[in-house]
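Engineer: Protein chains in written order, with this note's numbering: chain A, 1 to 315; chain B, 1001 to 1374.
In structure tokens, the structure reads:
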């Protein structure tokens, strides 16, 4: 019994780690959907670019400045990823989505798919990031030091990942609920036209939303490549991107706290399937499918997600 | 009566022409010194894609629902059709066809038809299972459920060893003898099915059912208020499209000799969507042209340089974005290729020809007489 509990708590720790990444990506989806009613399919690829920025920058620093892993390197990589991705997000919005704002939503959805394909395939070119998988160097000293709390092993990188995510979430919450810009953002997401009639510069707000959402994806990319240190390749953003979208839907799309909660739940569900699935003859590879099974159940039972508000359609 | 006869004659002549073309193509393939075989292969794949694209147009174009998982139905049709010929052929048809056999025309045709039926029905069943609950959802949500379904099916197929798992399905073995998926699909069958599907779509568009589909696209709530059972029509469109995609899949697998998950993953689904969108959502001729362009263009780009494949994908996505920015309605918009379309391109606007006006009045009157039910 004690063992069972231990095992379960251990899985929870892993799940929160994985979930942190999903939560950060899901926020971008949900914010963009909130202001534009657009599924930004390219968001998973922005996350991928973030991972590469951090990886390449860390390598550059170690190669040219004889540095060693330190808090400084981590901070530089994190900020660079966030800035780079934020700018990328703004550029995508300006070039691909803004011209189509008045077009049918289907046109912008397809454009989003096109942008996603473009980023992936462009990064896959030999001169850009190349197609071979790469692993980032350590960003922090003693990355894999493990703490043991009551027999539960917590690796330091997971701890950093989780804490960094929490800090970003709180910052975002502060920006959205306590600042003028955040209020403008909520106004645009509530009713775009009314907000613009009240003197809100909707274009600026949308640009800002894309910047913040993409910067969070960039942070997720940096944390994934620098902390989790799995190998990354130009197409690796698709799956986390889609799963994070599922997380956003799970939490109620357009709802910011919902996306964070949905992300953590998604991470937990996935880890639990891998860990407990074999006992029910579910192969671990089904964890990817499980995310979508959750999505389908949520949409059928409560299409507005856990925290979403129902939208009454007016004729 | 006269019309039935005329239609019958047209069909008979079409079949005769296809038989002749088929024979000619076999001859060229066997005797040509140029790469005729390659050209024929591209043509066959283009026609198979035409079937898939035209079928998706029923859902995404006519009915205005956004399905992002159409390749799944193609794939289910392919796997089911292939499983049928590989596992059930001997008990049902007496002996096993293999890819090296010279297949007698009639026997191969019957087995292929049966496999197409099996593939189509399996896909239609899958379409029904996904469609019934999820078509209550709208717009983006439907897109994301179909996308999710796509991922689930790929994961499940990858873990099923009996149909090849991640390595793909090429057949099985009975004792020591391998049982391959026989190459039954000839140009005749592909062209026949493609023409049938195109004619069916165009006729459907002109029929009362087609109008019901389009009314759902234009305004679902208004359609519901007019007494159109929207959910039933949406599911019908979905199941019909899935069936046709399944038939295309069964033909593909009996042409290609194998099938693996890349032909039904998310990228493949996007590819079919792009075909339909490029041609113009809601236009049958658009889907045909889109499917042909997007099958031939990559092949043409492939021959430019060895590393071209990677650049091809970049060019491809840039083209997609530019297309959406400059002409989001696609090549044909919702129109069919023909006199009206050309006049529109030249004059900018178009007046309805007199004939179609009277036709519209007739339909409306007929509907009124029947009590207004569609």
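Here a beta-carbon is modelled for each residue, glycine too, at the ideal position from N, C-alpha and C. Everything numeric in this text was worked out from a predicted model, so none of it was measured.
Relative to the C-alpha of residue 132 of chain A, which residue among A:193, A:299, A:242 and A:231 is closest?
Structural biologist: A:231
Engineer: Could you name the residues of the same chain whose beta carbon sits closer than 8 angstroms to that of residue 3 of chain A, not counting the 5 residues immediately before and after it, in chain order?
Structural biologist: none
Engineer: Is residue 1127 of chain B near residue 1259 of chain B, with beta carbons less than 8 angstroms apart?
Structural biologist: no
Engineer: Which residues bound the beta strand (DSSP E) around residue 113 of chain A?
Structural biologist: Run containing residue 113 of chain A: none in the beta strand (DSSP E); it sits in the alpha helix (DSSP H), 105 to 123.
Engineer: How far does the alpha helix (DSSP H) with residue 156 of chain A in it extend, from its first residue to its last?
Structural biologist: 156 to 178
Engineer: Helix, strand or coil: how does DSSP classify residue 1041 of chain B here?
Structural biologist: Helix, per DSSP.
Engineer: Across which residues does DSSP place residue 146 of chain A in a beta bridge pair?
Structural biologist: Paired residues: A:155.
Engineer: Interface residues of chain B around residue 107 of chain A at Cβ under 7 angstroms?
Structural biologist: 1324 and 1328
Engineer: By DSSP, does residue 1373 of chain B sit in helix, in strand, or in coil?
Structural biologist: Model confidence at residue 1373 of chain B stands at a pLDDT of 47, short of 50, so the residue's coordinates are unreliable; what they give is reported in the following sentence. Three-state DSSP puts residue 1373 of chain B in coil, outside helix and strand.
Engineer: Is the Cβ-Cβ distance between residue 1114 of chain B and residue 1073 of chain B less than 8 angstroms?
Structural biologist: no
Engineer: Does the Cβ-Cβ distance between residue 126 of chain A and residue 69 of chain A come in under 8 angstroms?
Structural biologist: no
Engineer: Does any residue of chain A have a CB that is nearer than 8 angstroms to the CB of residue 1143 of chain B?
Structural biologist: yes
Engineer: I need the DSSP call for residue 283 of chain A, collapsed to helix, strand or coil.
Structural biologist: coil
Engineer: Relative to the C-alpha of residue 123 of chain A, which residue among A:164, A:60, A:42 and A:96 is closest?
Structural biologist: A:42
Engineer: Any idea which residues DSSP pairs residue 1180 of chain B with across the strands?
Structural biologist: Bridge partners of residue 1180 of chain B: B:1171.
Engineer: Could you name the residues of chain A that residue 1310 of chain B contacts, counting a contact when the two beta carbons are closer than 9 angstroms?
Structural biologist: 121, 124, 125, 126 and 131
Engineer: Across the stretch 273 to 285 of chain A and the stretch 216 to 235 of chain A, are there enough close Cβ pairs to call them in contact, namely three or more that are closer than 8 angstroms?
Structural biologist: no
Engineer: Residue 226 of chain A to residue 46 of chain A, Cα distance in whole Å?
Structural biologist: 16 angstroms
Engineer: Do residue 317 of chain A and residue 119 of chain A have their C-beta atoms within less than 8 angstroms of each other?
Structural biologist: Given a span of 1 to 315 for chain A in the structure shown, any question on residue 317 of chain A remains unanswerable.
Engineer: Which residues, in order along the stretch 259 to 282 of chain A, keep a beta-carbon less than 8 angstroms from a beta-carbon of chain B?
Structural biologist: Answer in chain order: no residues at all.
Engineer: Chain D beta carbons: is any one of them nearer than 8 angstroms to that of residue 209 of chain A?
Structural biologist: Of the protein chains in the structure, A and B, none is chain D.
Engineer: Does DSSP classify residue 134 of chain A as helix, strand or coil?
Structural biologist: Residue 134 of chain A sits in a strand when the DSSP states are folded into three classes.
Engineer: Does any CB atom of chain B fall closer than 8 angstroms to the CB of residue 232 of chain A?
Structural biologist: No - not a single Cβ of chain B is within 8 angstroms of the one on residue 232 of chain A.
Engineer: Determine whether the Cβ of residue 1318 of chain B lies closer than 8 angstroms to any Cβ atom of chain A.
Structural biologist: yes
Engineer: Identify whether residue 1273 of chain B lies in helix, strand or coil by the three-state DSSP scheme.
Structural biologist: helix
Engineer: Apply the 10 Å Cβ neighbour rule to residue 243 of chain A and answer buried if 16 or more other Cβ atoms are within range, or exposed otherwise.
Structural biologist: Residue 243 of chain A sits buried, since 16 or more C-beta atoms from the chains shown fall within 10 Å of its C-beta.
Engineer: By the 10 Å Cβ neighbour count, where 16 or more other Cβ atoms means buried, how is residue 216 of chain A classified, buried or exposed?
Structural biologist: The residue is buried, with at least 16 neighbouring Cβ atoms inside 10 Å.
Engineer: Hey, residue 213 of chain A and residue 32 of chain A are a contact pair by Cβ (cut 8 angstroms); roughly how many whole angstroms apart?
Structural biologist: 5 angstroms
Engineer: If I follow the unbroken alpha helix (DSSP H) through residue 1227 of chain B, where does it start and stop?
Structural biologist: It is not in any alpha helix (DSSP H) - residue 1227 of chain B carries neither H nor E in the DSSP assignment.
Engineer: Since residue 288 of chain A contacts residue 239 of chain A with CB under 8 angstroms, what's their CB separation in whole angstroms?
Structural biologist: 7 angstroms
Engineer: With H, G and I counted as helix, E and B as strand and the rest as coil, what does DSSP make of residue 232 of chain A?
Structural biologist: strand
Engineer: Interface residues of chain A around residue 1133 of chain B at Cβ under 9 angstroms?
Structural biologist: 296, 299 and 300
Engineer: Chain B partners of residue 245 of chain A, CB-CB under 8 angstroms?
Structural biologist: 1144
Engineer: Closer than 8 angstroms is the cut-off here; do at least three beta carbon pairs connect the stretch 1147 to 1165 of chain B with the stretch 1263 to 1281 of chain B?
Structural biologist: yes
Engineer: Only counting runs of 4 or more residues, tell me where the alpha helix (DSSP H) segments fall wholly within the stretch 1109 to 1175 of chain B, in order along the chain.
Structural biologist: Correct list: 1139 to 1158.
Engineer: Span of the alpha helix (DSSP H) holding residue 192 of chain A?
Structural biologist: Residues 192 to 197.
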